[in-house]
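J.:
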Amino acid sequence: MAMAACTYLVTDANSYLLMAKSKVVDVKRQVTIPKLELNGIVIGVRLSHNVLQSLRPAIGVSQLLILSDSEIAISWIKTRNQKGTGVFVENRVKEILTTMQKIEESGSQVQIGFIDTSKNLADCGTRGISQNEFNSHSWWTGYNLQQIRELAQNLGCIPEDDGEELPTDVQLSQVRKQEEY
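Counting with this note's numbering, you get residues -12 to 168 for the letters of the sequence shown.
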C-alpha cells in the first residue's frame, strides 16, 4: 500500500502538474485505511504549502483546493472533533489545520472536500498508469478551470475554530499484591 499527493497550478487557460509525492506504507504497522488517507492529506497539505512558498514571489495563488476520496478523513478535519480517534489522528488533524491556517494567512483561500475515487488523480501515484495511457493521462494536466470551479462549488470552507480541545494527561498506576509462598 502507498499514499500519494499531487499539486496542480490551474490558470484561466491551462492546468499543470507542479509536483507529486508518494510514500510507501510500512507493512510492519497496522494502520486503517482512513488513517492512511489522513496521512495522504498531510502529505498533500505539506506539498502544497511548500509549492506555494516557492511560487509566491512570482505568482499569486488565490485559492487552494484540497481534495480527498476519504469522507472519514475529511470529517475528522472539518469537525475538528477527534475524540476517541487517538493521538495519531489528533496530531495529523492539528498539523493539517495549522498548515492550512498558514496558507490562509499568506493570502490564499483554502477549501477541503470530497472527490469521487474515480476522479481522484492522486490515486494514479499509487495505482499506476498503463504504458499506453502514460503520456496523455489527466495526471499531467489535472482539471481545467471549469471543472475546478464545479468542484469548489460543492465544498464548504473549513469552519472557524470554536476553541481548541487539547488532549488531557492521564496517569495510570497499577498496584500488585505480592503473594507470599
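We put the beta carbon where it would ideally sit given N, CA and C, even for glycine.
Excluding the 5 residues preceding and the 5 following R33 in the sequence, name in chain order all residues of the same chain whose CB lies nearer than 7 Å to its CB.
T.: Closer than 7 Å at Cβ, skipping near neighbours: T86.
J.: Do S95 and Q40 count as a contact pair if the criterion is CB distance below 8 Å?
T.: Cβ distance not < 8 Å, so Q40 and S95 don't count as in contact.
J.: What residue range is occupied by the uninterrupted beta strand (DSSP E) comprising S2?
T.: 2 to 11 is the span of the beta strand (DSSP E), which, as asked, contains S2.
J.: In this structure, what does DSSP give as the bridge partners for C(-7)?
T.: Answer is A7, bridged to C(-7).
J.: So W127 and L42 are supposed to be a Cβ contact under 8 Å. How far apart are they, rounded?
T.: That pair is no contact at about 18 Å.
J.: From what residue to what residue does the alpha helix (DSSP H) around T173 run?
T.: Summary: the structure shown does not reach residue 173, with the chain confined to residues -12 through 168, and so no result is reported for it.
J.: If you measure between the beta carbons of V11 and V18, is that distance less than 8 Å?
T.: No, Cβ-Cβ distance for V11 and V18 is not below 8 Å.
J.: Select from M(-12), A(-8), V(-3) the residue whose C-alpha is nearest the C-alpha of Q133.
T.: Of M(-12), A(-8), V(-3), the residue nearest in Cα terms is V(-3).
J.: So the candidates are P44, L52, V38, I83; which of them puts its Cα closest to the Cα of W63?
T.: Cα-wise, what sits closest to W63 is I83.
J.: As a quick exercise: from T104, E137, N37, N107, pick the residue whose alpha carbon is nearest that of K89.
T.: It is N37 whose Cα lies nearest to the Cα of K89.
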